[in-house]
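Enquirer: Mind looking over this structure? Questions follow.
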Amino acid sequence: MASCADRSRSDLGDLESPAAVTTTIPPRRIGILGGTFDPVHIGHLRGALEVADALALDELRLTPSARPPHRDMPQVSAQDRLAMVECAVAGVAPLVVDARELQRDKPSYTIDTLELMRAELAVDAQVFLLLGWDAFCGLPTWHRWEELLQHCHILVLQRPDADSEPPDALRNLLAARSVSDPLALKGPSGQIAFVWQTPLAVSATQIRQLLASGKSVRFLVPDAVLAYIDAHGLYRASN
């Protein structure tokens with residue numbers, strides 16, 4: 008007759024056998040927030056972190072753009088902007104930096120970035136492209152914009168004070184693809200949801216203007232970013 012200890016070991020062995028254990032690994036959830044980050048500030052970071060927490064993202068990639076097609080060239084170099092974003096997110100999971108757009112010698116088209124990322128991810132990975140309301144309304148001017156939803160879901164970061172209407176070109180798309188609850192986004196791509204942000208009245212333009220006039224931007228950017236700006240004399244008025 009087997010002892011209690013023998014029976015316990017036998018039962019445990021049955022439970023741990025590969026045939027007895029079935030695990031389902033959920034698909035990875037990856038967010039993407041692009042921008043010039045000239046400089047990165049608390050508005051970028053707080054919005055990113057709120058979305059990452061609300062949607063339980065495994066990773067949210069801040070992706071600095073090199074040559075944005077729809078905006079003026081950034082005021083400081085790609086190296087400096089990348090370094091500031093790296094300083095800002097150091098130790099702040101799940102925020103990470105993706106520098107691939109800075110390595111391309113051509114304009115930073117979002118569709119190209121999405122295609123490259125998709126090629127590296129499992130087919131069932133969920134990808135969420137984060138866009139501010141103004142950027143979303145400008146989508147019809149983007150390169151191959153109709154293809155974006157083939158590669159990602161779109162999360163529109165809408166501030167409570169945003170009261171403008173989307174352009175006509177987006178209304179049919181919203182009617183067909185939008186869902187009311189961001190947590191209800193299904194599959195790897197193809198839908199649109201709105202996420203309300205904590206309103207933070209801060210912009211990179213405002214920060215550059217303050218720095219150029221010799222004023223403090225403390226608490227508008229992380230301390231590590233401010234230290235980098237000061238150490239390299241960025242955004243200061245030329246003598």
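Everything in the sequence shown is counted per the working numbering, starting at 8 for the first residue and increasing by one. Glycine included, each C-beta is placed from N, C-alpha and C at the ideal position.
For residue 70, write down the residues that DSSP places opposite it in a beta bridge.
Expert: As a working note, residue 70 is residue 63 in the sequence shown. Residue pairing by DSSP places residue 70 opposite 41 in a beta bridge.
Enquirer: Within 10 angstroms of its Cβ, does residue 44 collect 16 or more other Cβ (buried), or is it exposed?
Expert: Along the sequence shown, read from residue 1 onward, the residue named residue 44 stands at position 37. Residue 44 is buried by the Cβ-count criterion.
Enquirer: Once DSSP output is grouped into helix, strand and coil, what is the label at residue 143?
Expert: Position 136 of the sequence shown, counting from 1, holds the residue named residue 143. Note: residue 143 maps to helix in three-state DSSP.
Enquirer: Who are the Cβ neighbours of residue 14 in its own chain at under 8 Å, not counting the five residues just before and after it?
Expert: Walking along the sequence shown from the start, residue 14 turns up at place 7. At residue 14, the pLDDT of 43 sits below 50, so the modelled position is not reliable; the number obtained from the coordinates is stated separately. Here residue 14 has no same chain residue with a Cβ atom under 8 Å from its own Cβ, once five neighbours each way along the sequence are excluded.
Enquirer: Report back the beta-carbon spacing between residue 41 and residue 70 to the nearest angstrom; my notes put them in contact at under 8 Å.
Expert: The residue labelled residue 41 in the question sits at position 34 within the sequence shown. The residue labelled residue 70 in the question sits at position 63 within the sequence shown. With a Cβ gap of about 4 Å, residue 41 and residue 70 count as contacting.
Enquirer: Note down the Cα distance separating residue 219 from residue 101, rounded to an integer number of angstroms.
Expert: Walking along the sequence shown from the start, residue 219 turns up at place 212. Walking along the sequence shown from the start, residue 101 turns up at place 94. Rounded to the nearest angstrom, the two C-alpha atoms are 33 Å apart.
Enquirer: What residue does the alpha helix (DSSP H) around residue 214 start on, and which one ends it?
Expert: Along the sequence shown, one-based indexing puts residue 214 at 207. Start and end: 211-219.
Enquirer: What first and last residue would you give for the alpha helix (DSSP H) that runs through residue 96?
Expert: Within the sequence shown, numbered from 1, the residue matching residue 96 stands at position 89. Where residue 96 is concerned, the enclosing alpha helix (DSSP H) stretches over 85-96.
Enquirer: Based on the DSSP output, what are the partners of residue 137 in its beta bridges?
Expert: The sequence position of residue 137 within the sequence shown is 130, counting from 1. 40, 162.
Enquirer: Just curious, the beta strand (DSSP E) that residue 104 is in, first and last residue?
Expert: Numbered from 1 along the sequence shown, position 97 holds the residue referred to as residue 104. Where residue 104 is concerned, the enclosing beta strand (DSSP E) stretches over 102-104.
Enquirer: So is residue 110 buried or exposed if we call it buried at 16+ other beta carbons inside 10 Å?
Expert: Numbered from its first residue, the sequence shown carries residue 110 at position 103. The residue is exposed, with fewer than 16 neighbouring Cβ atoms inside 10 Å.
Enquirer: To the nearest angstrom, report how far apart residue 142 and residue 165 are at their CA atoms.
Expert: By one-based count along the sequence shown, residue 142 stands at place 135. By one-based count along the sequence shown, residue 165 stands at place 158. Pairing residue 142 with residue 165, the inter-Cα distance amounts to about 11 Å.
Enquirer: Mind checking residue 36: buried by the 16 CB within 10 Å criterion, or exposed?
Expert: Locating residue 36 in the sequence shown gives position 29, counting from the first residue. Buried: at least 16 other Cβ atoms inside 10 Å.
Enquirer: Can you tell me which of 97, 177, 212 puts its alpha carbon nearest to the alpha carbon of residue 67?
Expert: Counting from 1 along the sequence shown, the entry for residue 67 is found at position 60. Ranking 97, 177, 212 by Cα distance to residue 67 puts 97 first.
Enquirer: Give the range of the alpha helix (DSSP H) segment to which residue 63 is assigned.
Expert: Within the sequence shown, the letter at position 56 stands for residue 63. Careful: residue 63 lies outside any alpha helix (DSSP H) and carries neither H nor E.
Enquirer: Nearest to residue 185 by alpha carbon, out of 120, 197, 59?
Expert: Locating residue 185 in the sequence shown gives position 178, where the first residue counts as 1. Looking at the Cα atoms, 197 is the closest of the given residues.
Enquirer: For a quick check, are the C-beta atoms of residue 107 and residue 89 less than 9 Å apart?
Expert: Along the sequence shown, one-based indexing puts residue 107 at 100. Along the sequence shown, one-based indexing puts residue 89 at 82. No, these two residues do not count as a Cβ contact at 9 Å.
Enquirer: On the three-state DSSP scale, how would you describe residue 203?
Expert: As a first step, residue 203 must be located in the sequence shown, where it is residue number 196. The three-state reading of DSSP puts residue 203 in strand, counting E and B together.
Enquirer: Residues in the same chain with beta-carbon distance under 6 Å from residue 91, minus the five sequence neighbours each way, listed in chain order, please.
Expert: Here residue 91 refers to the residue found at position 84 of the sequence shown. Hits under 6 Å: 46, 47, 232, 235.
Enquirer: For the candidate residues 217, 159, 105, whose alpha-carbon lies nearest to that of residue 194?
Expert: Taking the sequence shown and counting its residues from 1, the one referred to as residue 194 is at position 187. Per the Cα distances, 159.
Enquirer: Relative to the C-alpha of residue 53, which residue among 178, 119, 210, 190 is closest?
Expert: Locating residue 53 in the sequence shown gives position 46, counting from the first residue. When each option's Cα is compared against that of residue 53, the closest is 210.
Enquirer: Which class does residue 232 belong to by DSSP, given the choice of helix, strand or coil?
Expert: Position 225 of the sequence shown, counted from the first residue, corresponds to residue 232. In the structure shown, residue 232 sits in a helix (DSSP, three-state: H, G or I).
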